[in-house]
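Protein chains: 2
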Amino acid sequence: MSLTVVGSVAFDAVETPFGKRDKMLGGAGTHFALAASFFTDVRVIGVVGNDFTNAEWAVFERHKINTDDIEVVAGGKTFFWRGKYEFDLNTAHTLETQLNVFETFEPKPSEESKNSRLLFLANILPMLQKQVREQSEAEFVAMDTMNFWIDSMKDVVIDTIKVVDCVIINDAEARQLADEPNIHKAAKKIMDWGPKALVIKRGEYGAALFTKDDYFAIPAYPLESVFDPTGAGDTFAGGFMGYLASQVEITDDALRRAMIYGSVMASFNVEEFGTERVDRLTQDEINERFRNFKRMTHFEEIPFERATSA
Amino acid sequence: MSLTVVGSVAFDAVETPFGKRDKMLGGAGTHFALAASFFTDVRVIGVVGNDFTNAEWAVFERHKINTDDIEVVAGGKTFFWRGKYEFDLNTAHTLETQLNVFETFEPKPSEESKNSRLLFLANILPMLQKQVREQSEAEFVAMDTMNFWIDSMKDVVIDTIKVVDCVIINDAEARQLADEPNIHKAAKKIMDWGPKALVIKRGEYGAALFTKDDYFAIPAYPLESVFDPTGAGDTFAGGFMGYLASQVEITDDALRRAMIYGSVMASFNVEEFGTERVDRLTQDEINERFRNFKRMTHFEEIPFERATSA
Numbered sequence: 001m002s003l004t005v006v007g008s009v010a011f012d013a014v015e016t017p018f019g020k021r022d023k024m025l026g027g028a029g030t031h032f033a034l035a036a037s038f039f040t041d042v043r044v045i046g047v048v049g050n051d052f053t054n055a056e057w058a059v060f061e062r063h064k065i066n067t068d069d070i071e072v073v074a075g076g077k078t079f080f081w082r083g084k085y086e087f088d089l090n091t092a093h094t095l096e097t098q099l100n101v102f103e104t105f106e107p108k109p110s111e112e113s114k115n116s117r118l119l120f121l122a123n124i125l126p127m128l129q130k131q132v133r134e135q136s137e138a139e140f141v142a143m144d145t146m147n148f149w150i151d152s153m154k155d156v157v158i159d160t161i162k163v164v165d166c167v168i169i170n171d172a173e174a175r176q177l178a179d180e181p182n183i184h185k186a187a188k189k190i191m192d193w194g195p196k197a198l199v200i201k202r203g204e205y206g207a208a209l210f211t212k213d214d215y216f217a218i219p220a221y222p223l224e225s226v227f228d229p230t231g232a233g234d235t236f237a238g239g240f241m242g243y244l245a246s247q248v249e250i251t252d253d254a255l256r257r258a259m260i261y262g263s264v265m266a267s268f269n270v271e272e273f274g275t276e277r278v279d280r281l282t283q284d285e286i287n288e289r290f291r292n293f294k295r296m297t298h299f300e301e302i303p304f305e306r307a308t309s310a
Numbered sequence: 001m002s003l004t005v006v007g008s009v010a011f012d013a014v015e016t017p018f019g020k021r022d023k024m025l026g027g028a029g030t031h032f033a034l035a036a037s038f039f040t041d042v043r044v045i046g047v048v049g050n051d052f053t054n055a056e057w058a059v060f061e062r063h064k065i066n067t068d069d070i071e072v073v074a075g076g077k078t079f080f081w082r083g084k085y086e087f088d089l090n091t092a093h094t095l096e097t098q099l100n101v102f103e104t105f106e107p108k109p110s111e112e113s114k115n116s117r118l119l120f121l122a123n124i125l126p127m128l129q130k131q132v133r134e135q136s137e138a139e140f141v142a143m144d145t146m147n148f149w150i151d152s153m154k155d156v157v158i159d160t161i162k163v164v165d166c167v168i169i170n171d172a173e174a175r176q177l178a179d180e181p182n183i184h185k186a187a188k189k190i191m192d193w194g195p196k197a198l199v200i201k202r203g204e205y206g207a208a209l210f211t212k213d214d215y216f217a218i219p220a221y222p223l224e225s226v227f228d229p230t231g232a233g234d235t236f237a238g239g240f241m242g243y244l245a246s247q248v249e250i251t252d253d254a255l256r257r258a259m260i261y262g263s264v265m266a267s268f269n270v271e272e273f274g275t276e277r278v279d280r281l282t283q284d285e286i287n288e289r290f291r292n293f294k295r296m297t298h299f300e301e302i303p304f305e306r307a308t309s310a
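Residue numbers (our numbering), protein chains in the order written: chain A, 1 to 310; chain B, 1 to 310.
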C-alpha cells in the first residue's frame, strides 16, 4: 500500500451562509483519503461507531480506499462535530463537539499500514501521531496539527515535528508554533527542528513550500464562490501526499507539483458541502485545473535592460 | 516623455517598531517616480512649498526625474503626514495630516506631460484625477484610489475608473468599491466599468492581475523583515508602469512581467525608511529579484495519469 493516513472519520453538521447539512460524512482522515485516492492507493487508520452506515462506507468503497484499519466500536457513536461559518468563510465556529469513540482512540496500524511508503498524521493528539510514526517504516511522513495542541502541549508537538519529514499547517499555526510573526522567520525556526519540507497553507491567499534550499509559493485557485471550507486543509494534504505517492522519487520538483495538486483538490472541496464535490470528481477535471494553475502563474523570464535615455 | 505621474510630493514622519524618522521625503508621486525611473523617463506633476530643500530635489535629480511640473508655492509648506505602524506592519495609523499647499493643488500638466505615452493618477481627489486624464493624450492610463474617496464620493471614483485603462488598488479597496466580499466577483464588477486591466495588491500575500480574458497571480517577494511599508503601493505602481513604459507594446505578457517588477520594487522599498533603499538600488539587484521570482513560482506542467492500481 503506498499511502496511509491516521485521522478522524466523523459526522459533521455544518451551517454556512449558503445552506446547511445536519449530518454528513466528514473528518480529516476521510477528506484526506478521498483526495489522495485520485492519485494512489490509500488506507485509513481510524475509528467509528456502529452508527456508521452503508452510505458512508460506500464513499470509501467507490474510491477504493482501504478501510481495514478503521475500527468499528460496537455500541459506540462516531465522532460528531457541529460548526458554523459566518459570511467571512475563513473561520469555523465550533458549536458542538462529541468525541464519542474518538475519545479513547488508539491507532492500531496493521502490518500493511506500517509498511506503507508514505504516511500522513492528520490532526490528532500529538502523542498518538508520534506513536504511529514510530511504528511506521514509511520513507516520507507528513503531519498536521492545530492551535489547540500548540496551546496545550507545544513540546509534544515539537517532539513530533522532529521525527517527521514534512509539516503541513496554516499560517496562524506556523506563527504560533514558532512564536514569530514573520512567516519566513517562523518557517526557518520550524525547519530547524528537522523536517525536510514545510507547507504553509494560507486559505484564499494560496500556499508556500519551504525546503532546505528552496522556496515555492502559489496563489489559491480563483473561485467566485466558496460554499463550505470544511475539510479544505485535509483535502489539500490528500492531494499533496497522494501525488507524491504516485512519484518514484520525492524531489523538489515533485513537491512543487504536489503543491499544485493539493490546491486543485482543495479548490473542488470548498465548492460544495463536505465530500460531495470531490466524491464525483474526474481526473480530467483535476488536470484541467492543474493546467489553469500553470497558465495563471506563468511569465517569461526576460531580464530588463534600461535603454540609454534620449 | 514616456511616463508621467500626478500625485503628492510630501514630507513624512514615520514611526515603526524598528525606529523612526521625523521628516523625510515621501508622497505617492515621489515613491512612484523613483521606482519608475529605473525603467523609463519619468515626470512628476505635483506641488511643494519652499520648505522643500536641495536635499529633496537632489533625490529627483539623481534619478533624472523631470520635475518641471512640480509647482513651488512661495511661502507655502509642503504636504506633511505623520504615521505610526504597530507590530503588525500592515496598517498605518495616521497621527497627523497637514495638507498645506496640497489642499488647493490644481494640477497644471505641461504639453510634455499631456503628450506622455503613459500616465499614472496616484491617489488624489478623484475629480482631479479625471481632469488630468481628460487633458492627456496617453495611450495607457492607470489610477490608484483609497478608502476615504470610496466612502465619501464613490460615484466620482467610478466615473474616473470608466475613463482609465488600468486600476491599481489593494484588496480591501476592491471589495469596498464593488461592495462584494469575494475578490473575484469584485474584480469582475470593477472590470465591467471599463478598464482593460485591474491590479489587486495584497501586501504580504502578493498581487493579482485581471484582464479581459486572463488572470495572473503572484506571491509577494519573501522578506524576513519589513522595516517601513510607507510607499510600498506607489513603489509597486512605479515599477509596474515604468516597466510597461519600456515596452513597445502593452501585451498581456508585458503586464505579467510588470507585475513582477512592481513586486520587486515594492520588496526593496519596505526594507528601509521612506525612499532610502530604492534611492541606492541598482539594475542588477532588480534583475536578481526578478530571477528569484521566476525560480520561486515555476513548476513543470506534467499532467497526472493514474497508474492502474495493483
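Glycine included, C-beta positions come from ideal geometry on N, C-alpha and C.
I'd like to know if the stretch 80 to 96 of chain A and the stretch 127 to 134 of chain A are in contact, where contact means that at least 3 CB-CB pairs between them fall below 8 Å. no
Could you tell me the boundaries of the beta strand (DSSP E) in which Val42/A lies? As a position in the first sequence, residue 42/A is number 42, starting the count at 1. Taken as a continuous stretch (DSSP letters only), the beta strand (DSSP E) holding Val42/A covers 42 to 49.
In terms of DSSP beta bridges, what is Asn66/A paired with? Counting from 1 along the first sequence, the entry for residue 66/A is found at position 66. For Asn66/A, which the question treats as bridged, DSSP gives the partners Arg43/A.
Exposed unless 16 or more other CB atoms sit within 10 angstroms - verdict on Ser152/B: Looking up residue 152/B in the second sequence gives position 152. Result: exposed.
Inter-residue spacing [alpha-carbon to alpha-carbon] between Gly46/A and Leu244/A: In the first sequence, residue 46/A corresponds to position 46, counting from 1. In the first sequence, residue 244/A corresponds to position 244, counting from 1. Cα-Cα distance, rounded: 22 Å.
State the DSSP-derived secondary structure class of Ala122/A, mapped to helix, strand or coil. To locate residue 122/A, count along the first sequence from 1; it is residue 122. In the three-state reduction of the DSSP assignment, Ala122/A falls in the coil class, being assigned neither a helical nor a strand state.
Measuring CB to CB, does Val164/A end up less than 8 Å from Ala187/A? For the purposes of this step, residue 164/A is identified with residue 164 of the first sequence, where counting begins at 1. For the purposes of this step, residue 187/A is identified with residue 187 of the first sequence, where counting begins at 1. Not closer than 8 Å, so no.
Along the stretch 149 to 178 of chain B, where does the CB come closer than 8 Å to a CB of chain A? Name the residues. none
Own chain partners of Ala208/B with C-beta closer than 6 Å, once the 5 adjacent residues on each side are dropped: Here residue 208/B refers to the residue found at position 208 when the second sequence is read from its first residue. If we look at Ala208/B and ignore the five residues flanking it on each side, its Cβ neighbours are Ile200, Ala217.
In the DSSP assignment, the alpha helix (DSSP H) including Met296/B goes from what residue to what residue? Here residue 296/B is taken as the residue at index 296 of the second sequence, counted from 1. Counting along the chain, the alpha helix (DSSP H) containing Met296/B begins and ends at 283 to 297.
Does the stretch 271 to 290 of chain B come close enough to the stretch 27 to 47 of chain B that 3 or more CB-CB pairs lie under 8 Å? Yes, the stretch 27 to 47 of chain B is in contact with the stretch 271 to 290 of chain B.
For the alpha helix (DSSP H) containing Met265/B, list its first residue and its last residue. In the second sequence, residue 265/B corresponds to position 265, counting from 1. Note, Met265/B: alpha helix (DSSP H), 252 to 269.
If you draw a straight line from the C-alpha of Lys154/B to the C-alpha of Ala28/A, how long is it? By one-based count along the second sequence, residue 154/B stands at place 154. By one-based count along the first sequence, residue 28/A stands at place 28. Near 45 Å, if we compare the C-alpha coordinates of Ala28/A and Lys154/B.
From the DSSP output, in three-state form, read off Tyr221/B for me. Here residue 221/B refers to the residue found at position 221 of the second sequence. In the displayed model, Tyr221/B falls within coil according to three-state DSSP, outside both helix and strand.
Environment of Ser225/B [buried if 16+ CB atoms lie within 10 Å]: Against the second sequence, residue 225/B aligns to sequence position 225. Classification for Ser225/B: exposed.
Could you tell me which residues DSSP pairs with Lys20/A in its beta bridges? To locate residue 20/A, count along the first sequence from 1; it is residue 20. Note: Lys20/A sits in a beta bridge opposite Glu15/A.
Check the C-beta distance from Arg62/A over to Thr4/A and give it rounded, since I have them as a contact under 8 Å. If you number the first sequence from 1, residue 62/A lands on position 62. If you number the first sequence from 1, residue 4/A lands on position 4. At roughly 19 Å, the Cβ-Cβ gap does not stay under 8 Å, so Arg62/A and Thr4/A are not in contact.
Could you name the residues that DSSP lists as bridge partners for Arg82/A? In the first sequence, counting from the first residue as 1, residue 82/A sits at position 82. According to DSSP, Arg82/A bridges with Ala13/A, Glu96/A.
Mind checking whether Gly206/B and Pro109/A have CB atoms under 8 Å apart? The count along the second sequence starts at 1 and reaches residue 206/B at position 206. The count along the first sequence starts at 1 and reaches residue 109/A at position 109. Not in contact: Gly206/B and Pro109/A (Cβ atoms no closer than 8 Å).
Should Val156/B and Met127/B be called a contact, given that it needs their Cβ atoms to be closer than 8 Å? The residue labelled residue 156/B in the question sits at position 156 within the second sequence. The residue labelled residue 127/B in the question sits at position 127 within the second sequence. Their beta carbons are under 8 Å apart, which means Val156/B touches Met127/B by this criterion.
Work out the CA separation of Pro222/A and Lys189/B for me, nearest whole Å. Walking along the second sequence from the start, residue 189/B turns up at place 189. Walking along the first sequence from the start, residue 222/A turns up at place 222. Using only the alpha carbons, I get a separation of about 15 Å.
With burial defined as no fewer than 16 other Cβ atoms inside 10 Å of the residue's Cβ, what is the status of Glu173/A: buried or exposed? Looking up residue 173/A in the first sequence gives position 173. Classification for Glu173/A: buried.
With 16 other CB atoms within 10 Å as the buried threshold, where does Arg295/A fall? Working through the first sequence from its first residue, we reach residue 295/A at position 295. Looking at its Cβ environment, which holds fewer than 16 other Cβ atoms inside 10 Å, Arg295/A is exposed.
Anyone know if the C-beta pair for Arg291/B and Glu301/A falls short of 8 Å? On the second sequence, position 291 is the one that residue 291/B refers to. On the first sequence, position 301 is the one that residue 301/A refers to. Contact: yes.
Element boundaries [beta strand (DSSP E), containing Lys201/B]: The residue labelled residue 201/B in the question sits at position 201 within the second sequence. First-last of the beta strand (DSSP E) with Lys201/B: 197 to 201.
For Arg133/A, return the contacting residues in chain B, with the cut-off set at a CB-CB distance below 9 Å. Within the first sequence, numbered from 1, the residue matching residue 133/A stands at position 133. Those within 9 Å of Arg133/A in chain B number zero; the least Cβ separation is about 25 Å.
Backbone CA spacing between Thr160/A and Gln176/B [nearest angstrom]: In the first sequence, the residue the question calls residue 160/A occupies position 160. In the second sequence, the residue the question calls residue 176/B occupies position 176. Spanning the two alpha carbons is a distance of roughly 43 Å.
Any C-beta of chain A sitting closer than 8 Å to the C-beta of Pro303/B? What you label residue 303/B is simply residue 303 of the second sequence in a count that begins at 1. By this cut-off, Pro303/B is an interface position.
Taking just the CA atoms, how far does Val73/A sit from Asp51/A? Locating residue 51/A in the first sequence gives position 51, counting from the first residue. Locating residue 73/A in the first sequence gives position 73, counting from the first residue. If I take the Cα positions, the gap works out to 10 Å.
Comparing alpha-carbon positions, which option in Phe299/B, Thr104/B, Asp144/B lies nearest Arg257/A? Your numbering for residue 257/A matches position 257 in the first sequence. When each option's Cα is compared against that of Arg257/A, the closest is Phe299/B.
At the 8 Å Cβ level, is Ile286/B part of the contact set with chain A, yes or no? Locating residue 286/B in the second sequence gives position 286, counting from the first residue. Yes - at least one Cβ of chain A is within 8 Å of the one on Ile286/B.
Starting from Thr160/B, trace the alpha helix (DSSP H) both ways and give me its first and last residue. Along the second sequence, read from residue 1 onward, the residue named residue 160/B stands at position 160. Thr160/B -> alpha helix (DSSP H) spans 147 to 161.
So what does DSSP say about Gly7/B, is it helix, strand or coil? The sequence position of residue 7/B within the second sequence is 7, counting from 1. Gly7/B: coil per DSSP, three-state reduction.
Euclidean distance between Cα positions of Glu139/A and Phe240/A: The residue you call residue 139/A lines up with position 139 of the first sequence. The residue you call residue 240/A lines up with position 240 of the first sequence. Cα to Cα, the separation comes out at about 15 Å.
Leu95/B burial status per 10 Å Cβ neighbour count (16 or more: buried): If you number the second sequence from 1, residue 95/B lands on position 95. Classification of Leu95/B: exposed, given that the 10 Å Cβ count is below 16.
So with CB distances below 7 Å, who are the chain A contacts of Ser225/B? One-based indexing of the second sequence puts residue 225/B at position 225. Within chain A, the residues near Ser225/B are Asn182.
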